[in-house]
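This report concerns only the one structure given below.
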Amino acid sequence: MKTLLDCKKACRVKVLKLNAARELKQRLISFGIMKEAEIEVLEHAPGKKTIEVKVGKMRIALRDQEAELIEVEKL
Amino acid sequence: MKEIVNMQGKACPVIANHIKVALVGQPNVGKSMLINSVSNSHLHVGNFSGVTVDKSEVLFDHKDYHFTVVDLPGTYAFTDYTIEERVTHDYLCAEDYDIIINVVDSTNLEKNLQLTSELLTMSKKVVIALNMSDEADKEGIEVNAEYMSELIGVECIKVSAATKLGIEELIDAVIRNYENDKNESKLIFSEAVEEEIAQIVWYLDKHKYEAKNSYRNIAINLLKNNKKTYAKLHDNPIWTELQPILIEASSHIELHHSSDDIKEAFAEEYASFNRGVVAEVVEQKKQVEKKTLTEKIDNVLIHPIFGIPIFLFFMWSLFQLTFEVGAVPMDYIDAFFGWFGDAVGATIPNDDVRSLIVDGMIAGVGAVVLFVPNIIILFIGIALLESTGYMSRVAFLLDGFFHKFGLHGQSFIPLVTGFGCSIPAYMSARILKNDRDRLLTLFIIGFMSCGARLPVYVLFAGAFFSPEMAGNILFVIYISGAMLGLIAAKVLKLTAFKGADEPFVMEMPKYRLPSVKLIWHTVLTKTMMYLKKAGTFIATASMLIWFLSNYPHNSILEEDYAYKIENAINQEEKVHFENSLSTDLLEQSYLGRIGKFSEPIFAPLGFDWKMSVALQAGLAAKEVVVSTLGVLYALGADVDEENNSLINAISKNISFPSAVAFIVVIMIYLPCLAASIVFTREAGGIKYFFYLLFFTSVAAYGMAFIAYNITKMLM
Ligand SMILES: Nc1nc2c(ncn2[C@@H]2O[C@H](COP(=O)(O)OP(=O)(O)O)[C@@H](O)[C@H]2O)c(=O)[nH]1
Ligand SMILES: [Mg+2]
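These protein sequence lines map, in sequence, to chains A and G. Per our numbering, residue 394 is the first one in the first sequence, and the count goes up by one each step. Per our numbering, residue -3 is the first one in the second sequence, and the count goes up by one each step.
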């Protein structure tokens, strides 16, 4: 199983599943991170603790813990 | 737009019609700016999510109507994730209003429509404002507004809050929709969902269920688990038959989306409808570049290695500028108040009144106004940070670091706001979802030195360091304040606010060139507030301090000295007696007694009674620290004649270790009375105020004691 956290910079992926708990899941969905959505990894903060991704035209920052809950497949 | 008259704060006459508009949209799409461009209001605008955290109303007139527009905090979806989102959700569900203006960002329509779809199921009239159309033009994005209106059944108007394009049309559309009946939106779902809707509608129709809203609307809300609709139908006899139908319908839909969460299923439904709409109405004219400008800038500014040094460099430059440029007009301001005091003093015959006005009010207010240039530069710095979009980047860069200290990356936004003023900072902590995170952030906002403390720092840095060093010292003071705050956060997290970490998901806005007008307004408003405070609160406080330091008179002491002065053998001895007379008088005044009384408490920190008094007065507001020192040293005649500026008085009368300890206390202890009140409200109880008081006092005293002794050892 591959998660968003495993992706390197500039990697493009498609979301397969959100393993997050209800509230966080809704939060992710409201940011456009849902099944079938395409995501590009833009940047890692120092220590890879926080990552910046692009969904559609929107840039979103999330932590390693959240990225780990997003199951993806490479495009 | 000439006929629009701003009526902020005035009651509406009864004759005209009244339209109440709720302004709804995702964060950072320009809602507040749109209101500002319709009326003459100056709502706070900034380029990051979480600028508006509370609702505010603006009134204005247009044609035959009075408008009340309610600016609501931005929300990504109809959830109660954070307090600010709860404000919006509660307002939309429970309050009375006529129509919704849904503001969307034309350059990112698909994401924005996600909220729109939810609004469309709300059975309220909606007009869509396609904002940022100027930016869309630049990026070669063309939205066909007429076609879009047709597709979703709701009027869509192209506007730009920045260039004021289309504002008139938007208001006309609002009036038109207000006067006409509500159109049914044309939001359609996948076949599977439509089938279930049709079945419920058929059932409602069969039983001739009486309702204001359309059956379709009720059916959708039932499927979405809308509490209000549920509650309404729950008491109806048809419920017993309807309930099993609903349960089956829901499980069909969930099955169709292979999800166990009906909200997720609906989000996916909306998303596919919106994708369809966007594909029809949006045309990308220019070739999309592989990397947008924002991404190019980000490559440098949030670089994993250079990002943080660049940020520190910006901070350092800001404080360097604050001191260097701020110092230029200082001499003039100082000279002005000196001259002004003399000029006013010459017209007042009564000794006591003259002293009250000149040594009390003018000296106190002058000491505070002296620092206006520094304050302005600091405010410009903060305004730039807020309006360019850099704020969110710093939150991104520092999140990992903050996390180690138990803070949320988004805490950065309230904390930075705290460098301006603690009051809006306490408010903006509402962007944090979790109460524990929020309380923790509230407790350490005070460690971020607010603008009102800047004068104290500039004063002391100027008194003890060369002008070349003073800017660096300011930088060090601010950074060490922030560091202490982080350590305090860690301590609190390990003790009082234990608990699991909250998720961190944050939008990074596009970089925008801030408009000069916007910066000008923000800085002007804040500066005027500072000046107003100087003219009212500080002036009063200074006169009070003057009174307390001049009374009671002591005639025995005065006669005693009058005799000595008369019999002085030379001029030098005469001056000496005059000086010690004023010192003795000051010491036996009310203020002197308070100071003397509390002196033992502060003695371990090396403070004399004047410093002790200034600190206590600073509990009301930090500007009072400077004005009190100003009054006390203007009265005490131990300042030599030629050079009586406050900076010189400080460097002559206060030892370096005491000054360091004094700065440490200012850095840590309670912000001010007004901020304490807001803190108590935001934290949700007076008990938190006492925790804060205890926590900051102990920390301030302890740290100052350590700083005092270390500096003494080193000297
Ligand atoms: N170019 C452009 N920028 C805009 C427009 N409207 C708002 N902005 C910018 O968008 C950002 C967010 O504005 P704000 O009113 O605070 O958004 P709110 O969070 O929805 O209230 C600010 O930086 C504004 O300067 C517009 O029509 N055109
Ligand atoms: Mg706003």
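No residue lacks a Cβ here, since even glycine has one placed at the ideal position from N, Cα and C. Computed from a predicted model, the values in this text were never measured in an experiment.
Is the distance from the Cβ of Gly416 of chain G to the Cβ of Ile378 of chain G below 9 Å? With respect to the 9 Å criterion, Gly416 of chain G and Ile378 of chain G are classified as neighbours on the basis of their beta carbons.
Is Thr707 of chain G near ligand 1, judged by its Cβ being under 8 Å from some heavy atom? Ligand 1 never approaches Thr707 of chain G closely enough for any of its heavy atoms to be under 8 Å from the residue's Cβ.
Mind listing the chain G neighbours of Arg415 of chain A? Cutoff is C-beta to C-beta under 8 Å, in chain order. Asp257, listed in chain order.
Tell me whether Leu30 of chain G, by its Cβ, gets closer than 8 Å to a heavy atom of ligand 1. It does: the Cβ of Leu30 of chain G is within 8 Å (strictly closer) of some heavy atom of ligand 1.
For Glu135 of chain G, collect the residues of the same chain with a Cβ closer than 8 Å to its Cβ; drop the 5 residues on either side in sequence, then sort them by chain order. Cβ-Cβ distances below 8 Å link Glu135 of chain G to Thr103 and Lys282 in the same chain, with the five nearest sequence neighbours on each side left out; the list follows chain order.
When you measure from the CB of Met387 of chain G to every non-hydrogen atom of ligand 1, does any distance come out below 8 Å? No, ligand 1 has no heavy atom inside 8 Å of this Cβ.
Under a Cβ-count criterion, where at least 16 other Cβ atoms within 10 Å of its own Cβ denotes burial, should Phe686 of chain G be classed as buried or exposed? Per the 10 Å Cβ criterion, exposed.
Shorter than 8 Å, the distance from the beta carbon of Leu111 of chain G to the closest heavy atom of ligand 2, or not? Outside the cutoff, so no.
Okay, do the stretch 349 to 368 of chain G and the stretch 514 to 529 of chain G touch, 3+ Cβ pairs below 8 Å being the bar? These segments touch.
Chain-ordered chain G contacts of Met451 of chain A [CB-CB under 7 Å]: Taking a Cβ-Cβ cut-off of 7 Å, the neighbours of Met451 of chain A in chain G comprise Asn104, Lys107 and Glu503, given in sequence order.
At which residues does the alpha helix (DSSP H) containing Gln283 of chain G begin and terminate? Gln283 of chain G -> no alpha helix (DSSP H), and no H or E assigned at all.
Buried or exposed: which applies to His404 of chain G, given that a residue is buried once 16 or more other Cβ atoms fall within 10 Å of its Cβ? The residue in question, His404 of chain G, is buried, as its Cβ has 16 or more Cβ neighbours within 10 Å.
List, from N- to C-terminal side, the beta strand (DSSP E) runs of 3 residues or more that fit wholly inside the stretch 69 to 135 of chain G. You should have 95 to 101 and 121 to 127.
Taking 9 Å as the CB-CB limit, is His399 of chain G close to chain A? Yes, His399 of chain G counts as interfacial toward chain A.
Should the stretch 315 to 326 of chain G be regarded as contacting the stretch 336 to 343 of chain G, the criterion being three or more beta carbon pairs within less than 8 Å? Using a C-beta cut-off of 8 Å, the stretch 315 to 326 of chain G makes no contact with the stretch 336 to 343 of chain G, since fewer than three inter-stretch Cβ pairs fall below that distance.
When the distance is taken between beta carbons, is Val434 of chain A closer than 9 Å to Ile426 of chain A? Cβ atoms of Ile426 of chain A and Val434 of chain A: not closer than 9 Å.
Could you check the C-alpha separation between Asp177 of chain G and Ile148 of chain G for me, to the nearest Å? If I take the Cα positions, the gap works out to 16 Å.
Going by CA-CA distance only, name the one from G:Glu138, G:Thr117 and G:Asn36 that's closest to Leu126 of chain G. If you compare the alpha carbons of G:Glu138, G:Thr117 and G:Asn36 with that of Leu126 of chain G, the shortest gap goes to G:Glu138.
Contacts of Leu115 of chain G in chain A (Cβ-Cβ under 9 Å): Taking a Cβ-Cβ cut-off of 9 Å, Leu115 of chain G has no neighbours in chain A, whose nearest Cβ is about 13 Å from it.
Reference Ile422 of chain A; option with closest CA among G:Leu428, G:Ala73 and G:Lys220: Ranking G:Leu428, G:Ala73 and G:Lys220 by Cα distance to Ile422 of chain A puts G:Ala73 first.
Within 8 Å: the Cβ of His38 of chain G and any heavy atom of ligand 2? Every heavy atom of ligand 2 is 8 Å or more from the Cβ of His38 of chain G, so no.
Between which two residues does the alpha helix (DSSP H) harbouring Met525 of chain G extend? Start and end: Val512 to Lys529.
Say yes only if the C-beta of Lys27 of chain G is nearer than 8 Å to one or more non-hydrogen atoms of ligand 2, and no if none qualify. Flag set: Cβ of Lys27 of chain G near ligand 2.
Would you say Val622 of chain G and Val368 of chain G are within 9 Å of each other, going by their C-beta atoms? Taking the C-beta atoms as reference points, Val368 of chain G is found no nearer than 9 Å to Val622 of chain G.
Runs of 4 residues minimum, wholly inside the stretch 338 to 399 of chain G: which ones carry the alpha helix (DSSP H) assignment? When DSSP assignments are scanned along the stretch 338 to 399 of chain G, the uninterrupted stretches of alpha helix (DSSP H) that are 4 or more residues long and fall wholly within it turn out to be 347 to 351, 359 to 365 and 368 to 384.
Take every Cβ of the stretch 253 to 261 of chain G, pair it with every Cβ of the stretch 208 to 218 of chain G, and state whether three or more of those distances are shorter than 8 Å. Cβ pair count under 8 Å is below three, so no.
Proximal residues to Lys429 of chain G (C-beta, below 7 Å), its chain only, five neighbours per side dropped: Excluding positions up to five away in sequence, the list reads Tyr77, Thr78 and Glu498.
Taking the Cβ atom as the reference point for each residue, do Gly26 of chain G and Ser45 of chain G lie within a distance shorter than 9 Å? No, the pair does not count as a contact, with Cβ atoms beyond the cut-off.
Contact test: Leu480 of chain G Cβ vs ligand 4 heavy atom, cutoff 8 Å: As far as ligands go, the structure on display features ligand 1 and ligand 2 and does not contain ligand 4.
Roughly how many angstroms separate the alpha carbons of Ile97 of chain G and Tyr143 of chain G, rounded to a whole number? Looking at the two C-alpha atoms, the distance is approximately 19 Å.
On a Cα-Cα basis, can you pick out the residue from G:Ser119, G:Glu165 and G:Ala157 that is closest to Ala141 of chain G? The shortest Cα separation from Ala141 of chain G among G:Ser119, G:Glu165 and G:Ala157 belongs to G:Glu165.
Could you tell me whether the stretch 235 to 248 of chain G touches the stretch 183 to 196 of chain G, using the rule of 3 or more Cβ pairs below 8 Å? Yes, since at least three Cβ pairs between the stretch 235 to 248 of chain G and the stretch 183 to 196 of chain G fall closer than 8 Å, the two stretches touch.
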